[in-house]
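Chemist: If you scroll down you'll find the structure; I have some questions about it.
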Amino acid sequence: MEIRKLAINDYEEIIKLWSRARLPYRPKGRDSKKAIVAEMKANPEFFLGAFWDNHLVGVVIISCDARKGWINRLAVDPDYRNRGIATALIAESEKMLRK
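In this text, residue positions in the sequence shown follow the working numbering: the first is 11, and each later residue adds one.
Structure follows, in structure tokens:
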């Protein structure tokens, strides 16, 4: 498994993953492509994906206000659960927030 920064060209895969993981999303609101583009431009390092054989199997969005941070929108593909993916995404998120 590899954890790396996501880019807007991963958008469709992110949405598919959220659907598979049954994570509700707002395609006409905060999760629209336009909103995600704006967030990625402002904080590109806050969008992380877990890849298994170059297949997106986990995603997390981080946010912070310079005083505290949040781990948001954490999702793992149901077929890849119980393999430590969420744990790895949380650890990487915490590392990013400490920076």
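Glycine included, C-beta positions come from ideal geometry on N, C-alpha and C.
1. Can Ile4 and Leu107 be called in contact, C-beta distance under 8 Å?
2. Identify which residue in Ile81, Tyr35 and Ala52 has its Cα closest to the Cα of Leu99.
3. From the DSSP secondary-structure annotation, give me the bridge partner or partners of Ala60.
4. Compute the Euclidean distance between the alpha carbons of Glu23 and Arg77, then round it to the nearest angstrom.
5. Between which two residues does the alpha helix (DSSP H) holding Arg30 run?
6. How about Asp20 and Gly59: are their beta carbons less than 8 Å apart?
Modeler: This is what the structure gives:
1. Past the boundaries of the shown model lies residue 4; the chain is included only from 11 to 109, so the question cannot be answered.
2. Numbered from 1 along the sequence shown, position 89 holds the residue referred to as residue 99. Of the candidates Ile81, Tyr35 and Ala52, the one whose C-alpha sits nearest the C-alpha of Leu99 is Ile81.
3. Sequence index remark: in the sequence shown, residue 60 carries index 50 (1-based). Answer is Ile13 and Gly68.
4. Position 13 of the sequence shown holds residue 23. Position 67 of the sequence shown holds residue 77. Using only the alpha carbons, I get a separation of about 31 Å.
5. Start at 1 with the first residue of the sequence shown, and residue 30 comes out as number 20. Element bounds for Arg30: Tyr21 to Arg30.
6. The residue labelled residue 20 in the question sits at position 10 within the sequence shown. The residue labelled residue 59 in the question sits at position 49 within the sequence shown. For Asp20 and Gly59, yes; Cβs fall inside 8 Å.
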